[in-house]
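In terms of the numbering used here, the sequence shown opens at residue 3 and continues consecutively.
A quick write-up on the structure given underneath.
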Amino acid sequence: MTAKRGMDSASRLPTNTYLWPLKRYTEMYRRSLDEPEAFWAEQARKLDWFKTWDRVLEWRLPYARWFVGGKLNVSFQCVDRHATTWRKSKVAIYWEGEPGDTRVLSYSTLFREVNHFASVLKRLGIGKGDKIALYLPMIPELPIFMLACGRIGAVYTVIFSGFSPQAIADRVNDTQAKVIITADGGYRRGKTVKLKELTDEAVKLCPSVEKVVVIKRTGEAVPWTKGRDIWLSSLLDEPHEPVAPEPVEATHPLYILYTSGTTGKPKGIIHSTGGYLVYNHSTYQWVFNAREESVFWCTADVGWVTGHSSIVYGPLSHGAAIVIYEGAADYPTLDRWWNIIEKYGVTILYTSPTAIRMFMRSGEEWLKKHDLSSLELLGSVGEPINPEVWQWYYKNVGREMCPVVDTWWQTETGGIMISPAPGIEPIPLKPGSATLPLPGVDAAVVDASGKELPPCHTGYLVIKRPWPGLLLDIYGNPERYREAYWSRFPGVYYTGDFAMRDEDGYFWVLGRADEVLKVAGHRLGTAEIESAVISHPAVAEVAATSRPDAVKGQAIVLFITLKEGNSPSDALRKDIIKHVRQTIGPVATPSKVYFVQSLPKTRSGKIMRRVLKAVASGESIGDITSLDDETSVAEAKRAYQSLKKTQGGV
Ligand code: PRX
Numbered sequence: 003m004t005a006k007r008g009m010d011s012a013s014r015l016p017t018n019t020y021l022w023p024l025k026r027y028t029e030m031y032r033r034s035l036d037e038p039e040a041f042w043a044e045q046a047r048k049l050d051w052f053k054t055w056d057r058v059l060e061w062r063l064p065y066a067r068w069f070v071g072g073k074l075n076v077s078f079q080c081v082d083r084h085a086t087t088w089r090k091s092k093v094a095i096y097w098e099g100e101p102g103d104t105r106v107l108s109y110s111t112l113f114r115e116v117n118h119f120a121s122v123l124k125r126l127g128i129g130k131g132d133k134i135a136l137y138l139p140m141i142p143e144l145p146i147f148m149l150a151c152g153r154i155g156a157v158y159t160v161i162f163s164g165f166s167p168q169a170i171a172d173r174v175n176d177t178q179a180k181v182i183i184t185a186d187g188g189y190r191r192g193k194t195v196k197l198k199e200l201t202d203e204a205v206k207l208c209p210s211v212e213k214v215v216v217i218k219r220t221g222e223a224v225p226w227t228k229g230r231d232i233w234l235s236s237l238l239d240e241p242h243e244p245v246a247p248e249p250v251e252a253t254h255p256l257y258i259l260y261t262s263g264t265t266g267k268p269k270g271i272i273h274s275t276g277g278y279l280v281y282n283h284s285t286y287q288w289v290f291n292a293r294e295e296s297v298f299w300c301t302a303d304v305g306w307v308t309g310h311s312s313i314v315y316g317p318l319s320h321g322a323a324i325v326i327y328e329g330a331a332d333y334p335t336l337d338r339w340w341n342i343i344e345k346y347g348v349t350i351l352y353t354s355p356t357a358i359r360m361f362m363r364s365g366e367e368w369l370k371k372h373d374l375s376s377l378e379l380l381g382s383v384g385e386p387i388n389p390e391v392w393q394w395y396y397k398n399v400g401r402e403m404c405p406v407v408d409t410w411w412q413t414e415t416g417g418i419m420i421s422p423a424p425g426i427e428p429i430p431l432k433p434g435s436a437t438l439p440l441p442g443v444d445a446a447v448v449d450a451s452g453k454e455l456p457p458c459h460t461g462y463l464v465i466k467r468p469w470p471g472l473l474l475d476i477y478g479n480p481e482r483y484r485e486a487y488w489s490r491f492p493g494v495y496y497t498g499d500f501a502m503r504d505e506d507g508y509f510w511v512l513g514r515a516d517e518v519l520k521v522a523g524h525r526l527g528t529a530e531i532e533s534a535v536i537s538h539p540a541v542a543e544v545a546a547t548s549r550p551d552a553v554k555g556q557a558i559v560l561f562i563t564l565k566e567g568n569s570p571s572d573a574l575r576k577d578i579i580k581h582v583r584q585t586i587g588p589v590a591t592p593s594k595v596y597f598v599q600s601l602p603k604t605r606s607g608k609i610m611r612r613v614l615k616a617v618a619s620g621e622s623i624g625d626i627t628s629l630d631d632e633t634s635v636a637e638a639k640r641a642y643q644s645l646k647k648t649q650g651g652v
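Here is the structure:
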């Protein structure tokens with residue numbers, strides 16, 4: 003077969019006819035860029051609107067407002083629409099708790115519960131635009147509250163249940179939430195996590211909080227503040243009436259989700275109602291190729307964006323049956339997930355490379371105990387997937403019969419951006435590549451000056467025009483919004499990722515280009531970790547970096563100088579690790595702490611992160627490159643040698 007190599011410059015689609023048999027995708031992609039407004043209006047019409055939009059897009063750099071003038075309601079889209087059809091008796095949620103308890107909610111049950119919870123919120127004085135915080139384990143009440151907030155137009159923030167009091171307080175204080183909804187506890191690896199106690203600690207730092215609503219999950223005794231704390235069950239017992247879905251503007255905020263950036267303070271990403279929902283409704287179908295009878299399981303925690311878009315809004319807006327599992331993947335044994343897949347007949351599994359690497363390490367015998375023949379499609383998200391891990395997933399979980407969709411996206415993008423799209427057209431896969439941009443996503447790889455790079459060059463991943471899932475803003479910080487996403491390369495969205503585009507137009511996302519780490523798929527800023535460490539009384543200076551980890555992808559490494567009067571010891575090392583866990587949460591547990599005499603710095607006082615990374619990873623300084631670092635190679639080498647001498651100097 004003769005292959006025509008090259009790029010069609012007008013549309014930036016490759017013209018390699020060997021790897022490029024895609025007709026439907028090509029047509030759709032072209033149209034989405036040539037006539038974006040008509041394209042997205044067509045997608046939006048698949049949802050039910052109380053009022054049609056006046057304009058599809060208002061684009062005033064850096065703000066994009068989609069479906070302006072349109073009105074809709076997210077809980078109507080995800081629940082009412084199905085509860086009034088035959089789907090009322092269809093399963094919406096198969097839920098399994100870690101101890102093995104189960105609940106199955108049909109769409110009509112979900113409808114009743116969302117109404118009931120919305121009436122509780124109203125009774126608490128919550129209305130359109132009010133902010134509430136949800137700090138909950140992975141129990142059905144979490145998505146129900148999210149939908150109940152959407153029903154009345156309240157804006158929620160979900161706080162990951164692995165976060166510690168300081169991290170909770172930072173988020174609650176930023177939103178000024180008046181109400182926190184939590185549980186007595188949750189189950190994790192056979193133990194209980196005392197969420198109410200952690201909430202109480204946090205609330206001491208949160209003057210805005212008036213009420214703490216508590217869901218009974220573990221049944222353990224909890225501390226109680228009279229007048230402030232209320233059991234959800236007592237609120238549910240009161241008389242209630244159905245709550246009509248509030249038609250909100252398409253640009254009305256649906257939720258705020260905090261994510262790490264390059265400063266010590268997480269960013270409150272605000273997502274819209276209309277654009278966000280249209281984007282997730284479309285991309286769910288394109289990427290997962292789901293059918294009415296599919297059983298979709300996204301293993302993410304609802305505390306992250308994947309849990310919002312791919313557990314709740316994408317699938318439920320289609321009336322899909324989803325699986326939610328509360329606990330740890332390896333509890334009580336390493337076949338817990340495979341057992342769940344067999345039990346519920348999961349057809350689509352969407353998970354992270356970290357989880358796959360963990361299973362790969364523990365061997366195939368755990369998989370062989372179960373019938374996984376229901377699986378039709380596998381997905382991966384959150385971090386780059388190594389080709390050998392991809393192959394293992396394809397072979398052992400997918401029995402070489404299920405396409406693997408490696409989906410690249412971010413909290414800020416709201417939904418999947420670069421991914422195979424078998425729901426449009428199957429595509430030849432390359433393990434390790436997220437393949438092609440979805441329709442409407444004008445992705446490119448540019449050099450430091452913003453010039454588009456030819457194929458097979460590594461550079462920065464950017465998106466050259468807005469798409470409906472784009473964040474609305476950073477809560478309370480429009481300057482940071484402009485600065486973080488639209489300043490590095492004026493006029494285009496900066497992702498913060500390194501990528502390469504090959505000759506076939508396939509994207510290979512290589513990792514972060516900024517000081518953000520991906521530890522077990524969780525996003526953590528080095529500055530955020532450093533500000534937790536520096537609050538330890540013995541620490542004078544700290545730099546956080548990472549080293550490759552066989553399971554977690556990256557693991558946190560700290561370089562610390564101590565204040566006078568303190569000397570390095572194992573006890574101090576442990577105490578600092580404990581301090582970080584208590585400040586941010588177990589997700590930020592450092593894997594290695596080096597006590598050093600001084601941190602390597604440039605003449606302008608910037609920490610030579612490239613040097614630290616090389617030392618932490620055991621790499622030679624020549625092996626690593628960073629487009630961001632201003633350090634000269636000679637300087638870096640000198641600093642590297644002197645640090646190697648002192649590292650670990652306990
Ligand atoms: O570095 C990219 C990586 O995760 C970052 C976004 O993290 P977060 O906002 O927590 O959202 C994760 C879930 C959507 C990206 O900037 N990332 C995400 N997916 C991939 C990925 N890196 C490589 N391949 C992916 N498929």
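All C-beta atoms, glycine included, are put in the ideal place defined by N, C-alpha and C.
When the Cα atoms are used, residue 197 and residue 299 turn out to be separated by approximately 25 angstroms.
In terms of side-chain proximity, the C-beta atom of residue 448 is found no nearer than 7 angstroms to any non-hydrogen atom of the ligand PRX. When C-beta atoms of the stretch 290–307 are compared with those of the stretch 191–206, fewer than three pairs fall below 8 angstroms, so the two segments do not count as touching. Annotated as distal: residue 573 and residue 558, with beta-carbon spacing of 8 angstroms or more. At the C-beta level, residue 277 and residue 486 stay beyond 8 angstroms of one another. For residue 306, the shortest C-beta to heavy atom distance toward the ligand PRX is below 7 angstroms. The alpha carbon of residue 314 has as its nearest neighbour, out of 273, 80, 600, 341, the alpha carbon of 80. Closest by C-alpha distance to residue 244, out of 296, 112, 181, is 112. In the three-state DSSP reduction, residue 310 falls in the helix class (H, G or I). For residue 300, the beta-bridge partners assigned by DSSP are 352. Between residue 110 and residue 85 a beta carbon distance of about 5 angstroms is seen, short of the 8 angstroms cut, so the two are scored as contacting. Taking C-beta atoms as the reference points, residue 181 and residue 128 count as a pair closer than 8 angstroms.
Annotation: the stretch 553–616 contains the following complete segments of the beta strand (DSSP E) (minimum length 3 residues), in chain order: 555–564, 594–597. Using a Cβ-Cβ distance cut-off of 8 angstroms, the stretch 400–418 and the stretch 366–386 are in contact, since at least three pairs of beta carbons, one from each stretch, lie closer than that value. Between residue 385 and residue 356, the C-beta spacing is below 8 angstroms.
Residue 413 is classed as buried because its beta carbon has at least 16 other beta carbons within 10 Å across all chains shown. Per DSSP, the continuous alpha helix (DSSP H) segment holding residue 167 begins and ends at 167–177.
In the DSSP assignment, residue 152 falls within the unbroken alpha helix (DSSP H) covering 143–154.
In the structure shown, residue 251 falls within a strand segment according to DSSP collapsed to helix, strand and coil.
Assignment of residue 408 by DSSP, reduced to helix, strand and coil, places it in the strand class.
Between residue 271 and residue 476, the gap from beta carbon to beta carbon is short of 8 angstroms. Of the other Cβ atoms in all chains shown, fewer than 16 fall within 10 Å of the Cβ of residue 104; this residue is therefore exposed. Of all C-beta pairs linking the stretch 340–350 to the stretch 315–328, three or more are shorter than 8 angstroms, placing the two stretches in contact. Considered as a whole, the stretch 429–511 harbours 445–448, 460–465, 495–503 as its complete beta strand (DSSP E) runs of no fewer than 3 residues, in chain order. For residue 543, the uninterrupted beta strand (DSSP E) segment begins and ends at 541–551. When 531, 570, 542 are compared, the shortest CA-CA separation from residue 583 is found for 531. For residue 219, there is no enclosing beta strand (DSSP E), as DSSP gives it neither H nor E. Across the set 71, 97, 183, the C-alpha of 183 shows the shortest separation from the C-alpha of residue 135.
Here residue 151 is near residue 123, since their CB atoms are less than 8 angstroms apart.
For residue 137, the closest C-alpha among the options 489, 544, 217 is that of 217. Boundaries of the alpha helix (DSSP H) around residue 283: 276–290. Annotated three-state conformation of residue 136 is strand, per DSSP. Boundaries around residue 68 are those of the beta strand (DSSP E), 65–70, since no alpha helix (DSSP H) includes it.
The residue from 143, 95, 102 with its alpha-carbon nearest to that of residue 117 is 143.
Look at the beta carbons and you see the stretch 496–506 touching the stretch 459–474: at least three pairs across the two are nearer than 8 angstroms. Burial check for residue 442: the Cβ neighbour count within 10 Å reaches 16 or more, so the residue is buried.
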